[in-house]
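Remarks on the structure that follows.
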Amino acid sequence: MRIAVFAGDGIGPEVTHEAVRVLEALDLPGLELVEGDVGAAAWRKHGHPLPPETLDIARSAGAILFGAVGDFECDNLERHLRPEQAILGLRKELTLFANLRPARVFEGLEDLTSLKPEVARTIDLLIVRELNGDVYFGEKGMRTLPDGRREGYDLMSYAEDEVRRISHVGFRAAMGSRKKLCSVDKANVLETSQLWRDVVLEVAKEYPEVELSHMYVDNAAMQLVKNPGQFDVIVTGNIFGDILSDLASMCVGSIGLLASASLGEGTFGLYEPIHGSAPDIAGKGLANPMATILSAAMMLRHSFAREADARRIEDAVAKALADGVKGGDLGGNAGTREIGDAVLERL
Ligand code: IPM
Ligand code: MG
4 MRIAVFAGDG IGPEVTHEAV RVLEALDLPG LELVEGDVGA AAWRKHGHPL
54 PPETLDIARS AGAILFGAVG DFECDNLERH LRPEQAILGL RKELTLFANL
104 RPARVFEGLE DLTSLKPEVA RTIDLLIVRE LNGDVYFGEK GMRTLPDGRR
154 EGYDLMSYAE DEVRRISHVG FRAAMGSRKK LCSVDKANVL ETSQLWRDVV
204 LEVAKEYPEV ELSHMYVDNA AMQLVKNPGQ FDVIVTGNIF GDILSDLASM
254 CVGSIGLLAS ASLGEGTFGL YEPIHGSAPD IAGKGLANPM ATILSAAMML
304 RHSFAREADA RRIEDAVAKA LADGVKGGDL GGNAGTREIG DAVLERL
């Protein structure tokens with residue numbers, strides 16, 4: 004059980020530290036943790052946000068625990084040197100194309116969500132976001148038009164095999180859940196989305212038990228706030244999934260609670276909180292480490308087939324929350340370390 008720990012920038016090291024303490028407390032057979040540099044931290048040390056050493060460590064491990072990347076000081080660097088390239092590069096280089104972002108409301112937090120408590124209580128959904136394609140990875144650049152105006156461009160595209168493999172992930176997740184899949188696109192405007200929809204419909208033939216629906220992304224944003232209980236599994240492209248998963252996090256109370264898994268075809272995966280590096284509170288011991296701790300649980304489940312340990316962590320987090328252990332993101336005053344301790348006590 005060799006785990007690469009890439010803490011990154013901002014609050015990344017603090018929250019990752021707590022998740023590591025939880026993993027170490029579990030008495031996992033053969034647990035080995037190897038640290039590597041990513042993001043602005045790696046750029047300062049090695050001149051690149053994702054140095055070859057880090058990729059080597061990733062390839063030698065069974066899974067990656069990832070903190071966060073991002074640093075205002077890097078905003079003016081050339082794009083390929085910016086911290087975000089570390090996470091985008093790992094996803095792409097390791098063909099981690101399927102991002103699972105579960106969202107459900109924890110008991111005791113119903114009053115903290117941005118929704119009415121009775122609406123929030125119904126949320127139990129999974130966003131399956133494609134991670135290797137879309138406008139994120141298309142040709143991009145800046146050019147000057149003949150009349151002298153500057154133009155920025157990013158090409159959106161999906162090849163059918165990319166849509167097919169993420170569709171299968173979506174359908175399989177639905178099979179393991181309430182057998183409802185909603186594919187989110189913008190097929191009324193985008194050709195990329197028309198192909199997406201066509202391929203999802205083809206793949207659907209292999210999953211006759213799954214009730215499939217299609218929704219335009221603007222409507223999906225509205226429905227997630229209006230009636231989130233209607234969703235079981237949502238499958239969508241890279242950019243729509245990025246936006247909708249932040250939206251879903253506010254529906255459940257805090258972005259400090261949402262974990263994610265990025266998977267390829269095998270058991271190897273990258274696990275990270277969906278929040279960013281939060282430079283404003285970095286180094287102050289204020290960040291909520293729960294999303295990272297929950298990401299470690301997802302790692303035990305998906306990469307190491309240790310469902311019971313994953314549940315132990317999730318139950319400990321749920322119990323801490325139910326007991327009123329809340330970070331600043333939830334209107335409480337528990338610090339990073341204190342939250343880590345609270346989860347450890349309840350393991
Ligand atoms: C996420 C983040 C990343 C993304 C950034 C940091 C590149 O927002 O994981 O949702 O856009 O995918
Ligand atoms: Mg995002």
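When the count follows our numbering, it moves up by one through the sequence shown with no breaks and lands on 350 for the last residue. Glycine included, C-beta positions come from ideal geometry on N, C-alpha and C.
Exposed unless 16 or more other CB atoms sit within 10 angstroms - verdict on residue i
i                : result
valine 192       : exposed
leucine 204      : exposed
phenylalanine 75 : exposed
arginine 309     : buried
threonine 295    : buried
asparagine 230   : exposed
serine 63        : exposed
aspartate 114    : exposed
leucine 1        : A query on residue 1 cannot be resolved here, the shown segment of the chain reaching from 4 to 350 and no further.
alanine 162      : exposed
aspartate 312    : buried
alanine 106      : buried
glycine 343      : buried
glycine 240      : buried
glutamate 96     : exposed
glycine 256      : buried
aspartate 164    : exposed
According to DSSP, residues forming a beta bridge with residue i
i              : result
proline 276    : Ala262
arginine 146   : Glu154
lysine 330     : Looking at the sequence shown, residue 330 is not lysine but glycine. Paired residues: Ala337.
serine 196     : DSSP lists no partner for serine 196.
asparagine 102 : Arg132 and Ser265
histidine 217  : Ser186
alanine 71     : Gly11
alanine 66     : Ile6 and Gly272
arginine 168   : Answer is none; arginine 168 lacks a bridge partner.
threonine 239  : Arg132 and Val187
leucine 36     : Ile6
aspartate 127  : Arg107
Close-in-space but distant-in-sequence residues of the same chain around residue i (CB under 6 angstroms, 5 per side omitted)
i              : result
tyrosine 274   : Leu68, Ala264, Ser298, Met301 and Met302
glutamate 38   : Val8
alanine 43     : Asp12, Asp74, Cys77 and Pro86
alanine 270    : For the record, residue 270 in the displayed sequence is threonine; it is not alanine. Ser306.
isoleucine 242 : Asp137 and Val138
glutamate 17   : Ala290 and Thr339
valine 166     : Trp199 and Val202
Cβ separation of residue i and residue j, assumed to be a contact under 8 angstroms, to the nearest whole Å
i             : j              : result
valine 8      : leucine 34     : No, valine 8 and leucine 34 are not in contact; Cβ-Cβ is about 11 angstroms, not under 8 angstroms.
alanine 290   : isoleucine 14  : 4 angstroms
aspartate 188 : histidine 217  : 7 angstroms
glycine 272   : serine 306     : 5 angstroms
glutamate 133 : arginine 146   : About 27 angstroms; that fails the 8 angstroms criterion.
proline 52    : alanine 45     : 5 angstroms
valine 138    : serine 170     : Incorrect: roughly 19 angstroms between the Cβ atoms, too far for contact.
alanine 22    : serine 280     : Not quite, the Cβ-Cβ distance comes to about 15 angstroms (not below 8 angstroms), so this is no contact.
leucine 99    : leucine 261    : Contact flag wrong, Cβ pair sits at about 18 angstroms.
glycine 330   : glycine 259    : 6 angstroms
leucine 128   : isoleucine 237 : 6 angstroms
Closer than 7 angstroms: residue i CB and nearest the ligand MG heavy atom
i              : result
isoleucine 277 : yes
aspartate 137  : no
aspartate 114  : no
aspartate 127  : no
aspartate 245  : yes
aspartate 249  : yes
Residue i beta carbon near the ligand IPM (any heavy atom closer than 7 angstroms)
i              : result
glycine 73     : yes
leucine 193    : no
glutamate 81   : no
leucine 93     : no
glutamate 76   : no
isoleucine 130 : no
glutamate 87   : yes
isoleucine 90  : yes
8 angstroms CB neighbourhood of residue i in its chain, flanking five on each side removed
i            : result
leucine 227  : Phe234, Leu247, Leu250, Ala251 and Cys254
glutamine 88 : Pro52, Leu53 and Arg82
lysine 182   : Glu212, Val213, Glu214 and Asp235
Residues of its chain near residue i, where Cβ-Cβ distance is below 7 angstroms and the 5 sequence neighbours each way are ignored
i             : result
valine 320    : Met293, Ile296, Leu297 and Val346
glycine 141   : Asp157, Leu158, Met159 and Ser160
glutamine 197 : Ala190
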